[in-house]
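Asks:
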Amino acid sequence: MDTSAAMEKFLSFFQGDSPALHFIGKYGYKIYERRELIQMETHLILSALFPIYIGSHASLRRPPSAEAPKKSKNGDEEDDEIKVDPIVEGLTPSDAIMFPVLAGITLAGLYFIIKWLKDPALLNRILTWYFSGLGIFGVGRLAGDGLNVLTTFVFPSAWSSRKETYFIDQELSKQLVGDISKSGIQKYRKFADGKTNPLAGPLSDIKFSKSTTQSLWNLRALLKNTWIFRGYIHNAINIKSRVRLNDAIGLVLGIIAITLYNTVGKTWWLTNLLGFGFCYGTLQLMSPTTFWTGSLVLAGLFIYDITMVFYTPLMVTVATSLDVPIKLVFPGPKQGSMLGLGDVVLPGIMMAIALRFDLYLQYLRKQQIRTAQDLHTFGSPGNLPKDLIKKVYKAPYEAATGVWGERFWTSYSSTTKTPADGARFPKTYFYASVIGYITSMVTTLVVLKIFNHAQPALLYLVPGVLISLWATALLRGEFKLMWEYTEDGSLESDWADVKAKREAEEKAEKEKSKKGKGDLEGRMDGDKKEVEDEKKELKEVVSGVQHINGEADDTDEFSVSEEDDEDDKS
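The numbering of the sequence shown is the UniProt record's numbering, which starts it at 1 and goes up by one.
1) Count Cβ pairs between the region 297-317 and the region 461-468 that sit closer than 8 Å; are there 3 or more?
2) Helix, strand or coil: which one does DSSP assign to arginine 230?
3) Checking the sheet assignment: what are the DSSP bridge partners for arginine 244?
4) Going by DSSP in three states, glutamate 78 sits in which element: helix, strand or coil?
5) For proline 396, which three-state DSSP category applies?
6) For the beta strand (DSSP E) containing aspartate 449, name the first residue and the last one.
7) With respect to the alpha helix (DSSP H) encompassing alanine 423, which residues constitute its N-terminal and C-terminal limits?
8) Measure the alpha-carbon distance for phenylalanine 430 versus tryptophan 404 and round it to whole angstroms.
9) Cα separation between aspartate 79 and tryptophan 116?
10) Answer yes or no: do arginine 242 and isoleucine 228 have a C-beta to C-beta separation smaller than 8 Å?
11) Does DSSP classify isoleucine 105 as helix, strand or coil?
12) Quick one: grab the DSSP three-state call for tyrosine 53.
13) Write down the C-beta distance between alanine 158 and glutamate 406 rounded to the nearest angstrom, noting that I regard them as a contact closer than 8 Å.
14) Quick one: Cα of threonine 92 to Cα of glycine 146, how far?
15) At the level of alpha carbons, what is the spacing between isoleucine 82 and phenylalanine 278?
16) With a Cβ-Cβ cutoff of 8 Å, do aspartate 305 and leucine 459 count as a contact?
17) Using 8 Å as the Cβ pair cut-off and three pairs as the minimum, do the region 192-199 and the region 210-229 touch?
18) Sorry if obvious, but does the Cβ on alanine 96 come closer than 7 Å to a heavy atom of the ligand FMN?
19) Quick one: residues in its chain with C-beta nearer than 6 Å to the C-beta of isoleucine 258, no 5 flanking neighbours on either side, listed in chain order?
20) How would you write the range of the beta strand (DSSP E) that aspartate 169 sits in, first residue to last?
21) Please look up how many angstroms separate the CB atoms of alanine 48 and methionine 482, rounded, as I've assumed it's under 8 Å.
22) In chain order, what residues of the same chain lie with their CB nearer than 8 Å to the CB of histidine 547, ignoring the 5 residues before and after it?
23) Is the region 30-44 touching the region 324-337 in the sense that three or more CB pairs, one from each, lie closer than 8 Å?
24) Under a three-way DSSP split, which group does valine 329 fall into?
25) Is valine 318 helix, strand or coil when you go by DSSP?
Here it is, written out as structure tokens:
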């Protein structure tokens, strides 16, 4: 039986008298007829969400509500402790004006060059090589981070069964069981019985040969250990970074992908791979700094997108003429579809800051709870202002990126502390923005189908994402907190800074007190010397008087009693 006959037989079931069955049959058949188009549109939405989701999670870093890592006492970092802060380009309110202006100038320039050349082949070639150079690093980073994530699934640092949590120790080449107390002091961990290999779950019980087991441990070390890369040119460049084997492999894969793109052919999946790499890297390197700045930038580009699509031929002409990896391409049944990378990155930077705001709120909650029960550890807060009592102490930051495998393998762990705990936090604002983004994308596709005309996606994406974020903050009573949130560093107020200030003040008081005591002792010594001088002068006067009166005796000396001496001292 062919497909059409089977479908007719299936639909005959819904031809009864029931209105509900008739409705299901009618629209079910329409969905079946347009299944290829629906698949393409689903592919488009998922492809747009993919770089946003992974890029937002990769952009996570220590929020200002968490405790900063402690610096080494000697002020120098060991090679294996090098911390490289990500370079993030923060946007300013002036960017809300400059973004659409610069975008309009660039778009108009490309449009006139295309019209002047008539054949955009040369322009395509130049731009392709330019974006290919950038694509090597974008795809390389995406591939390297993907391999690192895959490594956490194959060789996790910890995994849990329903009864126990196992920690894999590379130095001992053993799996251990145990827990860490709330105070952070590690309890004694013992070797896990019967688990000799570094694999997780049921695979940990497999008894490999001694050589195979050792090879697995060596492979784990090779994939998880890091090398310190240093680059230095006098007065010019000073680079320090940590590199894994997977990062080097990722760079090689990036070079291979770009080579294939420029030689074999610009297939849709290679174009999308380069687009994913651009979006993934941009979401980690760019931040709107504040929610209101990001909202202004998106509002400016919202007007720009409408103007360029509906009132000028610039956007459509440039997008259809240039064959460069600045868009996502989707093959369709009759004609395909495409989505500009700006429609992914620009809403994406707001969705990424929403995820970082969720992490900020998580540590803000820990900050308030832990202050109430642990403040006595740091002494009486009497000397602190009342508004600092709940803000100065911060919970220590736990890594929230790169632990996808640990999250999967420790999902059964509820009481034992695991390496994936930092990645487990409520993502209310991020998921609200995802819902707003999906709703806006569906709306864009519906309007596109109805009017059969290219639509500026930002016309729907900007209000969808912004309304979902600000409405969520309003409903949760966190509007002011969201408005004041910033990533420019002004929210940093570490307990160590406050404690150091207090210690400096106490030290100054002690030095002042010590100096005062020294001055008192100096004055007492001066008074004592003055008394001695007076005694000597008095002795000379008395001796002179006795000599004049002839009463002096060579054996008779002038003296002062101890009692008189004590009185003089007093």
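Heads up, the beta-carbon is just placed ideally off N, CA and C, and yes, glycines get one too.
Replies: Let's see:
1) yes
2) By one-based count along the sequence shown, residue 230 stands at place 230. Correct three-state label for arginine 230: strand.
3) On the sequence shown, residue 244 is found 244 positions in, with the first residue counted as 1. Paired residues: Thr226.
4) Translated into the one-based positions of the sequence shown, residue 78 becomes position 78. Low per-residue confidence applies at glutamate 78: pLDDT is 43, beneath 50, and the placement is therefore not dependable, though the value from the model is reported in the following sentence. Coil at glutamate 78, not helix or strand.
5) Residue mapping note: residue 396 aligns to position 396 of the sequence shown, counting from 1. Looking at proline 396 - three-state DSSP - the assignment turns out to be strand.
6) Here the question's residue 449 lines up with position 449 in the sequence shown. Position check: residue 449 holds lysine in this sequence, whereas aspartate was assumed. It is not in any beta strand (DSSP E) - lysine 449 instead sits in the alpha helix (DSSP H) that spans 428-451.
7) The residue given as residue 423 occupies position 423 in the sequence shown. Run containing alanine 423: none; DSSP gives neither H nor E here.
8) On the sequence shown, residue 430 is found 430 positions in, with the first residue counted as 1. On the sequence shown, residue 404 is found 404 positions in, with the first residue counted as 1. About 18 Å.
9) Working through the sequence shown from its first residue, we reach residue 79 at position 79. Working through the sequence shown from its first residue, we reach residue 116 at position 116. Low local confidence applies: a pLDDT of 43 at aspartate 79 is under 50, so the model's placement there is unreliable, and no value is given.
10) Taking the sequence shown and counting its residues from 1, one reaches residue 242 at position 242. Taking the sequence shown and counting its residues from 1, one reaches residue 228 at position 228. A contact, by the Cβ cut-off of 8 Å.
11) By one-based count along the sequence shown, residue 105 stands at place 105. Three-state DSSP puts isoleucine 105 in a helix.
12) Residue numbering aside, residue 53 sits at position 53 when the sequence shown is read from its first letter. Helix.
13) Here residue 158 refers to the residue found at position 158 when the sequence shown is read from its first residue. Here residue 406 refers to the residue found at position 406 when the sequence shown is read from its first residue. The pair is a contact, with the Cβ atoms about 6 Å apart (cut-off 8 Å).
14) The residue you call residue 92 lines up with position 92 of the sequence shown. The residue you call residue 146 lines up with position 146 of the sequence shown. If I take the Cα positions, the gap works out to 32 Å.
15) Numbered from its first residue, the sequence shown carries residue 82 at position 82. Numbered from its first residue, the sequence shown carries residue 278 at position 278. Residue placement at isoleucine 82 cannot be trusted, given a pLDDT of 42 that sits under 50; what the coordinates show is reported in the next sentence. Going from the Cα of isoleucine 82 to the Cα of phenylalanine 278 covers about 27 Å.
16) Here residue 305 is taken as the residue at index 305 of the sequence shown, counted from 1. Here residue 459 is taken as the residue at index 459 of the sequence shown, counted from 1. Yes.
17) yes
18) Although the ligand FMN was asked about, the structure shown includes no ligands whatsoever.
19) Residue numbering aside, residue 258 sits at position 258 when the sequence shown is read from its first letter. Cβ within range, chain order: Ser132, Gly135, Ile136.
20) Walking along the sequence shown from the start, residue 169 turns up at place 169. That run of the beta strand (DSSP E) goes 165-169.
21) As a working note, residue 48 is residue 48 in the sequence shown. As a working note, residue 482 is residue 482 in the sequence shown. With a Cβ gap of about 25 Å, alanine 48 and methionine 482 do not count as contacting.
22) Locating residue 547 in the sequence shown gives position 547, where the first residue counts as 1. Residue placement at histidine 547 cannot be trusted, given a pLDDT of 45 that sits under 50; the coordinates are not used to answer.
23) yes
24) Here residue 329 is taken as the residue at index 329 of the sequence shown, counted from 1. Strand.
25) Taking the first residue of the sequence shown as position 1, residue 318 is located at position 318. In this structure, valine 318 counts as helix in the three-state DSSP scheme.
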